[in-house]
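Asker: Could you have a look at this structure, given as structure tokens, before my questions?
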Amino acid sequence: MAAPAEETLAAEDTASPPPPARSAGFWFLGEDKSVHKALGGGKTADVLLWKDKKTSAAVVGGATVLWVLFEIVEYHLLTLVSHVLIAALTILFLWSNATVFIKKSPPDVPEVQISEDLAVNIALALRADINKALALLREIALGHNLMKFLGVVVALWILSEIGELCDLLRLMYIVLQTVVLILHTVPILYHKYQDQVDNFAAKAHRELCKQYAVLDAKVLSKIPRAPPKDKKQN
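The UniProt record's numbering applies: residue 1 is where the sequence shown begins, and numbers increase by one.
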């Protein structure tokens with residue numbers, strides 16, 4: 001009767017150990033939430049985490065080619081778009097006319113249209129944002145908020161300085177390229193070193209709380225405050 005027990009113990013010894021549990025502490029994405037799930041868990045997450053290596057490499061390679069064209073070759077965005085459209089239309093035009101002689105089907109060019117629902121949704125989204133911006137400018141113009149006034153002035157001044165360095169199209173390209181590179185590097189690095197980053201963040205969080213407690217004890221608690229108003233009893 002001892003043989004089955006020995007076989008059971010041997011099977012337990014040879015079984016693969018369970019995956020190590022994450023250390024308790026501070027988590028950016030929650031204790032049980034993975035980076036892949038935080039990014040949506042679909043095709044986009046696979047691309048950003050380099051699980052679909054071909055698509056990820058194609059996106060980063062395309063961004064690199066654009067960087068070479070704009071920064072090294074000094075191509076302009078409008079010029080590049082125009083040349084690409086000229087080449088594409090020329091190829092399709094010649095191909096469509098050549099099919100008459102080579103007796104092959106013409107290229108299948110899909111009909112692209114903007115639906116009414118999409119146009120309405122975009123207009124509504126823009127309307128809400130524009131109304132918020134106009135309301136903010138009106139509030140500042142009426143002198144109601146000094147901090148917002150200073151913030152808008154500083155933001156406009158920064159935009160004016162950036163405008164002297166590059167035009168709007170170039171700025172849009174730089175922002176887009178930066179976003180693409182960040183999205184294809186930060187998530188995969190955090191996914192790879194998640195425990196180390198969370199541990200460092202936990203230490204930083206504890207240190208900030210400690211410094212805030214010192215600041216509160218030495219400065220904030222000594223600031224005179226108005227006595228709380230007595231609540232009226234019904």
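The C-beta atom is built at its ideal place from N, Cα and C for all residues, glycine as well.
As the structure is a computational prediction, the values presented were derived from the model and not from experiment.
Could you please give the first and the last residue of the uninterrupted alpha helix (DSSP H) stretch that includes leucine 159?
Answerer: Against the sequence shown, residue 159 aligns to sequence position 159. That run of the alpha helix (DSSP H) goes 146-165.
Asker: For alanine 141 and glutamate 161, what's the separation of their Cα atoms in angstroms?
Answerer: By 1-based counting over the sequence shown, the position of residue 141 is 141. By 1-based counting over the sequence shown, the position of residue 161 is 161. For alanine 141 and glutamate 161, the distance between alpha carbons rounds to 23 angstroms.
Asker: Does the segment 45-62 come within contact of the segment 180-197, defined as at least 3 CB pairs closer than 8 angstroms?
Answerer: The answer is yes - the segment 180-197 touches the segment 45-62, with three or more Cβ pairs under 8 angstroms.
Asker: For the alpha helix (DSSP H) containing glutamine 211, name the first residue and the last one.
Answerer: For the purposes of this step, residue 211 is identified with residue 211 of the sequence shown, where counting begins at 1. Residues 194-218.
Asker: Apart from the five residues on each side of it in sequence, which residues of its chain come closer than 7 angstroms, Cβ to Cβ, to asparagine 121?
Answerer: Stepping through the sequence shown from its first residue, residue 121 is reached at position 121. Closer than 7 angstroms at the Cβ level, and outside the excluded window around asparagine 121, lies no residue.
Asker: Helix, strand or coil: which one does DSSP assign to tryptophan 50?
Answerer: Residue mapping note: residue 50 aligns to position 50 of the sequence shown, counting from 1. DSSP places tryptophan 50 in coil when its eight states are reduced to three.
Asker: Around the Cβ of leucine 49, are there at least 16 other Cβ atoms within 10 angstroms (buried) or fewer (exposed)?
Answerer: Locating residue 49 in the sequence shown gives position 49, counting from the first residue. Buried, since its Cβ has 16 or more Cβ neighbours within 10 Å.
Asker: Going by DSSP, what residue range makes up the alpha helix (DSSP H) through lysine 37?
Answerer: In the sequence shown, residue 37 corresponds to position 37, counting from 1. Per DSSP, lysine 37 belongs to the alpha helix (DSSP H) from 35-38.
Asker: What's the call for tyrosine 173, buried or exposed, on a 16-neighbour Cβ count within 10 Å?
Answerer: Here the question's residue 173 lines up with position 173 in the sequence shown. So tyrosine 173 ends up on the buried side.
Asker: What do you get for histidine 205, buried or exposed, if any count of 16 or more other CB atoms within 10 angstroms of its CB means buried?
Answerer: Here residue 205 refers to the residue found at position 205 of the sequence shown. Histidine 205 comes out exposed.
Asker: Mapping DSSP to helix, strand and coil, what is serine 115?
Answerer: If you number the sequence shown from 1, residue 115 lands on position 115. Coil, per DSSP.
Asker: Should proline 106 and serine 96 be called a contact, given that it needs their Cβ atoms to be closer than 8 angstroms?
Answerer: Taking the sequence shown and counting its residues from 1, the one referred to as residue 106 is at position 106. Taking the sequence shown and counting its residues from 1, the one referred to as residue 96 is at position 96. Result yes, Cβ atoms of proline 106 and serine 96 sit closer than 8 angstroms.
Asker: How would you label aspartate 108, buried or exposed, when you count the other beta carbons within 10 angstroms and need 16 or more for buried?
Answerer: Position 108 of the sequence shown holds residue 108. So aspartate 108 ends up on the exposed side.
Asker: Whole angstroms is fine: what's the gap from histidine 191's alpha carbon to phenylalanine 70's?
Answerer: Along the sequence shown, read from residue 1 onward, the residue named residue 191 stands at position 191. Along the sequence shown, read from residue 1 onward, the residue named residue 70 stands at position 70. Approximately 32 angstroms, taken between the alpha carbons.
Asker: Here's the rule: buried if 16 or more other CB atoms are within 10 angstroms of the residue's CB, otherwise exposed. What is alanine 87?
Answerer: Counting from 1 along the sequence shown, the entry for residue 87 is found at position 87. By the 10 Å Cβ count, alanine 87 comes out exposed.
Asker: Identify whether arginine 22 lies in helix, strand or coil by the three-state DSSP scheme.
Answerer: Position 22 of the sequence shown, counting from 1, holds the residue named residue 22. Because arginine 22 carries a pLDDT of 49, less than 50, the predicted location of this residue cannot be relied on, and the following value inherits that uncertainty. In the structure shown, arginine 22 sits in coil (DSSP, three-state: anything other than H, G, I, E or B).
Asker: Suppose the cutoff is 6 angstroms on Cβ atoms and the five residues either side in sequence are ignored; what does the same chain contact list for isoleucine 223 look like?
Answerer: If you number the sequence shown from 1, residue 223 lands on position 223. There are no such residues.
Asker: Going by the beta-carbon positions, is the gap between leucine 66 and arginine 170 smaller than 8 angstroms?
Answerer: As a first step, residue 66 is located in the sequence shown; it is residue number 66 there, counting from the start. As a first step, residue 170 is located in the sequence shown; it is residue number 170 there, counting from the start. No. Outside cutoff.
Asker: Within 10 Å of its beta-carbon, does asparagine 131 have 16 or more other beta-carbons around it, so buried, or fewer, so exposed?
Answerer: In the sequence shown, the residue the question calls residue 131 occupies position 131. With fewer than 16 Cβ atoms within 10 Å of its Cβ, asparagine 131 is classed as exposed.
Asker: Checking 8 angstroms against the spacing of the C-beta atoms, do serine 56 and histidine 184 come in under that value?
Answerer: Start at 1 with the first residue of the sequence shown, and residue 56 comes out as number 56. Start at 1 with the first residue of the sequence shown, and residue 184 comes out as number 184. Yes; because the gap between Cβ atoms is below 8 angstroms, this pair is in contact.
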